[in-house]
Amino acid sequence: MTKNAVIYARFSSDKQREESIDGQIRECRTFAEANEITIINTYIDRAMSARTDQRPSFLQMVKDSAKHLFDYVIVYQLDRFSRSRYDSAIYKHRLKKNGVKVLSAKENIKDDPSGILLESVIEGMAEYYSAELSQKVKRGMTENLLERKWIGGVLPFGYKLNENSQLEIDASTGPLVPKIFDACLHGKKITEIISYMNEHGYHTARGNKFSRNSLSRIINNLIYTGTFTWSNTEYPNYAPALITKEQYTAMQNLLESRKKSHNHARVVSPHYALTGKIYCGECGLPMTGYCGKSHTGATYYYYRCSSKNNKKEKSNRENISCNMKNINRDKLEKLVLDTTVSILKNPDAVKCIAEQCMAVQKAELENKPTEQLRLESQIKDIEKRLKNCVNAVENGLISQTITNNIATYEKQLAELHSQIDTIKLENRIIPITEEAVIYYLNELTKRATKKDGCSLETFDDFIRRVVVKDGQIDIYYNYTPVPNILENPAVKMLRGSSENHLVTR
Ligand SMILES: [Zn+2]
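So in our numbering, spot 174 of the sequence shown is number 921, and the numbers just go up one at a time.
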């Protein structure tokens, strides 16, 4: 029933007073434990040099998210997640598509809240940016595709390349493909086929032993009918066919029917949109998702003060006894959603939020990355030394050492300048206009007003924290509170009122 997460930690040696990797992981583990989240993996990037772009683990983590094995990425602070807000928005968007959310173990006071909002606006626009990017890649690829040239990546099993870089049937492995399809369609088990292939010494296109994954890549690949699919477009007669279209369709039907019977047994764990953000106002501990059955047998979903969780396991912890009642998940989430939407329906509030986003963006455009500042000061230093050498030469002082030094300094300067250019390129900011922000926020609200297709998740980045006390719910937003316009109506709504139907038991 519990949700899975991975930890992502990053350490850059050039920053002073940075929390160590161990410290970051410890905080993340504590956070996960308090929120009843199971950690299944840890990804660590240690900046090896000043070049900050080296983050193989980060990219691996994003890639792994497609396997749908974890629900969250926990980071120590949000600034650990990514280099820049733009970069962060794009990767968060990609994770979200795989159903993965980024949680921060520690609130960063420095990470200014309206910055998070700006990020969520950019994230909403990330779809546009990635579409544009793929268009560019597409243009380059199309030429190769039209010439039926292999566009790169691992060759499909059973094929080899001819001298024109086109696919050709491999005489030794090609005939195995129709055999695999035949065997499968005649009811042979996948495991039997895998062991047959391995016992006979066959290797996958990557040169490995056959596994469930590699076999599934074969029986799901349309290329064996001769048609190549790339970026949602089909290119028929791309390669010599190894099976018929009918065989391929029959295989897909078979796989689909197996999947259905498989899905039937799968239990989907319930979703709690406020995980990591909801706190008990009585004792201060996080509240966690919990489901229980009523005497009629119906299932109810709650948020529950985590002081009530796993009493036995927490014997080594301070035992907090808290009288906080469980809160109905659906009612609470609806209240938070309605409140958020009602704020965003106010044009003055939207304008105010957009202005704050613009202020953050302006500051960021003016601020040079710390790495760039460091390189610039190195350049100044070397230029000074170079000047000294040149002065010495001008004053008639000529020696081999000085000549060598001048050559070294000039080489170093060229290197530093090219590093700065790289940083400038990596950190380039695509400015967003205030109108675009307002438009985006209005679109969100419109979507929310329609009955379907809107959940609290849509406004996830707006909500910083929800604190629940008997009869009172405080919602903290990621914009700096501005009196009058952005006052939070939820607080008033429940304070001292009889509206405590949210509380159960
Ligand atoms: Zn409590």
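Note that beta-carbon positions come from the ideal geometry of N, C-alpha and C, so glycine has one too.
Residue i: CB within 8 Å of a non-hydrogen atom of ligand 2
| i | result |
| --- | --- |
| Glu1029 | As for ligand 2, it is missing from this structure, which binds only ligand 1. |
Where residue i sits in the DSSP three-state scheme
| i | result |
| --- | --- |
| Leu1133 | helix |
| Ala752 | strand |
| Asp1077 | helix |
| Ser767 | coil |
| Phe778 | helix |
| Lys844 | helix |
| Arg1013 | With a pLDDT of 43 at Arg1013, under the threshold of 50, the modelled position of that residue is not reliable, and the figure given next carries that caveat. Here Arg1013 sits in coil by DSSP. |
| Val901 | coil |
| Asn968 | coil |
| Lys907 | strand |
| Tyr995 | helix |
| Tyr1156 | helix |
| His1042 | coil |
| Met1071 | coil |
| Thr1196 | helix |
| Arg895 | coil |
| Leu1021 | coil |
| Phe928 | helix |
| Lys1109 | helix |
Residues bridged to residue i (per DSSP)
| i | result |
| --- | --- |
| Gly1036 | Tyr1050 |
| Gln1219 | Lys1216 |
| Cys1027 | Val1215 |
| Phe1206 | Paired residues: none, contrary to the question. |
| Val822 | Tyr755 and Ser851 |
| Thr976 | Glu981 |
| Arg793 | Phe758 |
| Asn788 | Val753 |
| Glu915 | Lys907 |
| Tyr1224 | Ile1210 |
Distance cut-off 8 Å: residue i Cβ against heavy atoms of ligand 1
| i | result |
| --- | --- |
| Met808 | no |
| Met1262 | Since the first residue shown for the chain is 748 and the last is 1252, residue 1262 is missing from the structure and cannot be characterised. |
| Cys1052 | yes |
| Leu1079 | no |
| Leu1021 | no |
| Leu1191 | no |
| Leu1120 | no |
| Leu1032 | yes |
Selection from the options that minimises the alpha carbon distance to residue i
| i | options | result |
| --- | --- | --- |
| Gln913 | Gly1143, Tyr943, Thr980 and Pro987 | Pro987 |
| Asp1207 | Cys1136, Ala1101 and Val1088 | Val1088 |
| Ala756 | Lys750, Ile768 and Thr749 | Ile768 |
| Tyr1156 | Ser1146, Ile1126 and Ile1185 | Ile1126 |
| Ser723 | His950, Leu969 and Tyr971 | Within the shown structure, residues of the chain are numbered from 748 to 1252, placing residue 723 beyond reach of any answer. |
| Arg953 | Tyr1224, Pro903 and Asn1093 | Pro903 |
| Glu1029 | Ile937, Val1214 and Ile784 | Val1214 |
| Ala781 | Leu1032, Leu1079 and Arg827 | Leu1032 |
| Asn911 | Ile898, Ala918 and Gly921 | Ile898 |
| Leu806 | Arg841, Ile784, Ser919 and Glu783 | Arg841 |
| Lys896 | Gly1039, Asn1142 and Tyr985 | Tyr985 |
| Gln1103 | Lys1055, Asn1075, Cys1136 and Glu1182 | Glu1182 |
| Thr991 | Gly973, Asn1000 and Pro1094 | Gly973 |
| Arg827 | Lys844, Gly770 and Pro1094 | Gly770 |
| Ile1179 | Asn751, Ser804 and Ser867 | Ser867 |
| Leu1203 | Lys1078, Ser1124, Ile1145 and Gly1218 | Lys1078 |
| Phe778 | Ser804, Pro922, Thr1022 and Glu894 | Thr1022 |
Other residues of its chain near residue i: CB distance less than 6 Å, five sequence neighbours each side excluded
| i | result |
| --- | --- |
| Tyr1037 | Tyr1049 and Arg1051 |
| Ile1025 | Met1034, Tyr1050 and Val1213 |
| Phe758 | Ile768 and Arg793 |
| Arg802 | Asp792 |
Contact set for residue i: own chain, Cβ-Cβ below 8 Å, skip 5 residues either direction
| i | result |
| --- | --- |
| Leu1191 | Gly871, Leu1091, Thr1205 and Phe1206 |
| Val753 | Ile786, Ile787, Asn788, Thr789, Tyr790, Met808, Asp811, Phe817, Tyr819, Val820 and Ile821 |
| Glu774 | Glu766, Tyr823, Ala852 and Lys853 |
| Arg1132 | Asn1152 and Tyr1156 |
| Asn776 | In the sequence as presented, Asn is not what sits at residue 776; that position holds Arg. Excluding positions up to five away in sequence, the list reads Ile754 and Ile786. |
Residues near residue i by beta carbon distance below 7 Å, same chain, minus five either side
| i | result |
| --- | --- |
| Gln1159 | Ile1129 |
| Met998 | Phe928, Cys931, Leu932 and Ile966 |
| Asn1056 | Glu783 and Thr1035 |
Cβ of residue i within 9 Å of any chain D Cβ
| i | result |
| --- | --- |
| Ala781 | This model lacks chain D altogether; it includes just one protein chain. |
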